[in-house]
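Notes for the one structure printed next.
There are 2 protein chains.
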Amino acid sequence: MTRFDDRLLTKRVVESFSQTPNERQRSLLVELVTTLHDFVRRTDLTFEEWNAAIDFLTRTGQKCTPIRQEFILLSDVLGVSMLVDAVNHREREGATETTVLGPFYVGEHKDMPDGSDISAGLSGKPMFVTARVTAPSGVPVANAIVDVWHADDEGFYDTQRPTHATGDGSLRARFRTDAAGLFSFRTILPCSYPIPTDGPVGELIRASNRHAMRPAHVHFLVNAAGFEPLVTHVFMDGDDYLDSDVVFGVKEELVCPAERHDGAVMPDGSKASGPWYTMTYDFHVRPGTGHLPQPLAAGAG
Amino acid sequence: MTRFDDRLLTKRVVESFSQTPNERQRSLLVELVTTLHDFVRRTDLTFEEWNAAIDFLTRTGQKCTPIRQEFILLSDVLGVSMLVDAVNHREREGATETTVLGPFYVGEHKDMPDGSDISAGLSGKPMFVTARVTAPSGVPVANAIVDVWHADDEGFYDTQRPTHATGDGSLRARFRTDAAGLFSFRTILPCSYPIPTDGPVGELIRASNRHAMRPAHVHFLVNAAGFEPLVTHVFMDGDDYLDSDVVFGVKEELVCPAERHDGAVMPDGSKASGPWYTMTYDFHVRPGTGHLPQPLAAGAG
Chain H
1 MTRFDDRLLT
11 KRVVESFSQT
21 PNERQRSLLV
31 ELVTTLHDFV
41 RRTDLTFEEW
51 NAAIDFLTRT
61 GQKCTPIRQE
71 FILLSDVLGV
81 SMLVDAVNHR
91 EREGATETTV
101 LGPFYVGEHK
111 DMPDGSDISA
121 GLSGKPMFVT
131 ARVTAPSGVP
141 VANAIVDVWH
151 ADDEGFYDTQ
161 RPTHATGDGS
171 LRARFRTDAA
181 GLFSFRTILP
191 CSYPIPTDGP
201 VGELIRASNR
211 HAMRPAHVHF
221 LVNAAGFEPL
231 VTHVFMDGDD
241 YLDSDVVFGV
251 KEELVCPAER
261 HDGAVMPDGS
271 KASGPWYTMT
281 YDFHVRPGTG
291 HLPQPLAAGA
301 G
Chain G
1 MTRFDDRLLT
11 KRVVESFSQT
21 PNERQRSLLV
31 ELVTTLHDFV
41 RRTDLTFEEW
51 NAAIDFLTRT
61 GQKCTPIRQE
71 FILLSDVLGV
81 SMLVDAVNHR
91 EREGATETTV
101 LGPFYVGEHK
111 DMPDGSDISA
121 GLSGKPMFVT
131 ARVTAPSGVP
141 VANAIVDVWH
151 ADDEGFYDTQ
161 RPTHATGDGS
171 LRARFRTDAA
181 GLFSFRTILP
191 CSYPIPTDGP
201 VGELIRASNR
211 HAMRPAHVHF
221 LVNAAGFEPL
231 VTHVFMDGDD
241 YLDSDVVFGV
251 KEELVCPAER
261 HDGAVMPDGS
271 KASGPWYTMT
281 YDFHVRPGTG
291 HLPQPLAAGA
301 G
């Protein structure tokens with residue numbers, strides 16, 4: 001038996017993974033061990049800090065439920081989610097920029113007819129969204145399935161509301177593009193909101209004097225046969241937090257104005273009781289295949 | 001707003017932690033972000049791999065209970081626990097070598113008189129341990145509190161047995177050294193055993209074709225006023241797994257023979273029904289103060 005030495009330890013741990021049959025797994029494990037060991041050596045991590053990390057990770061896992069994914073939130077606030085997105089989309093070739101999925105995607109949104117009101121009677125300023133899906137060339141993409149979800153005017157997703165258990169699914173819907181690549185819906189103007197701060201990630205945010213805000217946005221997941229799935233947001237122009245999104249998700253190409261209107265009749269023929277908004281956005285999808293995001297429940301079950 | 005770029009992303013995430021009031025926390029967070037981002041960039045981590053990591057970490061947290069700490073186990077099998085131990089004990093100055101605490105320390109072991117039998121009637125070969133606690137100079141340390149715990153002859157700790165709920169606490173005890181620095185107890189010969197493999201850590205071990213075994217050992221935690229707490233094991237000489245401990249905890253100084261005896265009467269005056277063993281070990285503690293390990297329940301509650 002050779003005398004213990006911390007460099008030798010790292011070498012032995014790396015070697016212990018040398019029989020991993022899957023080559024990619026082996027390589028990731030070796031990188032992980034090397035990286036973690038370098039971190040510990042470089043920081044001279046104390047026992048108290050190691051204990052705190054074990055405790056933090058344990059509580060992060062235990063905070064997860066079928067509708068709450070605290071590890072995704074942790075990845076988000078450390079910029080890791082945006083970086084994974086970036087290294088997987090190095091070449092965009094005229095396609096719309098991507099951003100984080102976020103922890104509130106629940107998958108399998110209910111199909112709604114074009115033009116539907118997805119606000120389910122929630123209070124807020126009416127907003128009429130018209131969007132188009134095209135190839136980078138501008139050719140319309142028909143029959144694209146588009147999931148849409150966003151927070152209400154108090155900053156909560158439906159899954160964060162106690163009524164979720166009854167399956168209200170407000171501000172979530174699935175549309176299908178027509179022959180011109182178009183789809184449209186009525187909703188309410190989203191607002192900036194804090195990510196959930198009642199868990200370990202909230203502790204981290206407070207301990208580092210960061211704010212917990214995300215600028216107002218609407219999530220879109222565009223999935224069309226023969227094209228790469230597109231996971232993105234459209235951000236509301238003028239928001240105070242565009243430059244300091246807590247999850248680092250903003251890209252300038254995704255910022256879009258909502259145009260204010262004061263007419264008495266709104267696009268769906270109903271009578272306005274105050275100002276209302278319109279927003280139009282064109283999504284460009286890239287030929288190919290790709291990864292469809294896992295709905296939340298799959299990971300946190 | 002500047003155009004998105006993945007290097008700029010890392011820079012912005014690092015900057016987001018710049019207002020962390022605690023200087024050490026700030027520095028650890030900056031190192032963590034830099035390290036994690038480098039890992040993602042170097043490996044071109046895919047979405048599937050990121051999802052698998054989120055799922056693995058979530059399930060690791062959710063496997064933890066007041067008597068099971070899967071994150072400590074993960075740290076152990078990645079060699080991180082031994083490395084944290086190593087960077088915190090760079091200078092031993094004649095003190096006994098340290099090793100991992102392991103996930104089975106529950107703290108606050110019951111006090112037992114010197115010479116007690118801690119085996120609580122469990123089957124196994126009797127072993128009589130006599131140990132001494134001294135300063136590096138050889139001067140005895142009286143009144144040191146020594147926690148002892150080990151697995152039974154099927155490889156299970158009491159906390160892994162269904163009877164734990166009734167508080168049997170077998171093969172666990174706390175002793176106090178006498179004026180000569182001595183303490184002694186009767187127990188059973190420990191055996192090599194697998195770490196728990198019914199959780200995510202078990203999946204990792206199987207996926208990498210590693211074995212899950214630890215060589216037979218007895219845990220000791222020595223805590224004396226004016227001395228650094230000592231967390232260590234004594235390993236049984238001749239064990240098959242001394243060179244491939246799944247948690248990398250073996251140091252040659254900690255390997256000790258158990259001497260076999262075939263006499264009819266054992267040291268405690270009882271009649272032998274087969275071979276019995278003796279083991280003696282001297283622990284050297286280092287003047288100072290230091291971190292007392294957290295019992296498991298505190299981290300996993």
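For the protein sequence lines, the chains are H and G, in the order given.
As numbered in full-length UniProt numbering, residues 1 to 301 make up the first sequence, in order.
As numbered in full-length UniProt numbering, residues 1 to 301 make up the second sequence, in order.
Heads up, the beta-carbon is just placed ideally off N, CA and C, and yes, glycines get one too.
- Judged by DSSP in its simplified three-state form, Lys63/G adopts helix.
- Taken through DSSP and simplified to helix, strand or coil, Met82/G comes out as helix.
- Arg210/G has a beta carbon lying within less than 7 Å of a beta carbon in chain H.
- Close to chain G, meaning a Cβ-Cβ distance shorter than 9 Å, are the following residues of the stretch 39-68 of chain H: Phe39, Val40, Arg41, Arg42, Thr43, Asp44, Leu45, Thr46, Phe47, Glu48, Glu49, Trp50, Asn51, Ala53, Ile54, Asp55, Leu57, Thr58, Arg59, Thr60, Gly61, Gln62, Lys63, Cys64.
- A distance below 7 Å separates the beta carbons of Leu254/H and Val234/H.
- Under the Cβ criterion of 7 Å, Val106/H is not counted among the residues facing chain G.
- Short of 8 Å from the beta carbon of His109/G, and not among the five residues preceding or following it, lie these beta carbons of its own chain, in chain order: Asp147, Val148, Trp149, Gly169, Arg172, Ala173, Arg174.
- In the DSSP assignment, the residues bridged to Phe220/H are Val148/H, Thr232/H.
- For the set Asn22/H, Phe128/H, Pro21/H, Thr34/H, the Cα lying nearest the Cα of Val13/H is the one of Thr34/H.
- For Val33/H, the chain G residues whose Cβ falls inside 7 Å of its Cβ are Leu78, Gly79, in order along the chain.
- For Ala207/H, the uninterrupted alpha helix (DSSP H) run begins and ends at 200-207, by DSSP.
- Phe175/G carries a strand assignment under DSSP once its states are collapsed to helix, strand and coil.
- Contact with chain G is found for Thr20/H, since one of that chain's Cβ atoms lies less than 7 Å from the residue's Cβ.
- The Cβ atoms of Thr232/G and Thr134/G do not sit closer than 7 Å to each other.
- At a cut-off of 7 Å, the C-beta of Lys251/G has a neighbouring C-beta in chain H.
- Note that the C-beta distance between Pro257/G and Asp237/G is below 7 Å.
- Boundaries of the beta strand (DSSP E) harbouring His284/G: 276-284, taken from the DSSP string.
- In the displayed model, Ser75/H falls within a helix according to three-state DSSP.
- Here Ala225/G is not bridged, per DSSP, to any residue.
- Listed in chain order, the non-local C-beta contacts of Phe227/H below 7 Å within the same chain comprise Val141, Val285, Arg286, Pro287, Gly288, local neighbours out to five positions each way being set aside.
- In this structure, Ser184/H sits away from Gly138/H, with a CB-CB distance that is not shorter than 7 Å.
- Classified as exposed, Pro275/H has fewer than 16 neighbouring CB atoms from the shown chains inside 10 Å of its CB.
- According to the DSSP assignment, Phe183/G belongs to the beta strand (DSSP E) that extends over 182-188.
- Put simply, the stretch 37-54 of chain H does not touch the stretch 78-96 of chain H. Fewer than three CB pairs are less than 8 Å apart.
- In this structure, Ile54/H sits away from Ile118/G, with a CB-CB distance that is not shorter than 7 Å.
- Counting C-beta pairs closer than 8 Å gives fewer than three between the stretch 196-214 of chain H and the stretch 262-272 of chain H, which falls short of the contact rule.
- Straight through space, the alpha carbons of Phe283/G and Thr96/G are spaced by roughly 6 Å.
- Annotation for Phe156/H: Tyr193 place their beta carbon closer than 8 Å to its own, counting only its chain and skipping 5 residues before and after.
- Taking a Cβ-Cβ threshold of 9 Å, the residues of chain H close to Glu97/G are Phe4, in chain order.
- In this chain, Arg161/G is not harboured by any beta strand (DSSP E), its DSSP state being neither H nor E.
- Annotation for Phe128/G: the continuous beta strand (DSSP E) segment containing it runs 126-134.
- Comparing alpha-carbon positions, the option among His37/H, Leu32/H, Met82/H lying closest to Phe4/G turns out to be Met82/H.
- In the three-state reduction of the DSSP assignment, Arg92/H falls in the coil class, being assigned neither a helical nor a strand state.
- Chain H places no beta carbon closer than 7 Å to that of Ala179/G, leaving this residue out of the contacts.
- Under the DSSP assignment, His37/G falls in the alpha helix (DSSP H) whose first and last residues are 23-43.
- Of the candidates Asn22/H, Leu292/H, His37/H, Phe17/H, the residue whose Cα lies closest to the Cα of Ala212/G is Phe17/H.
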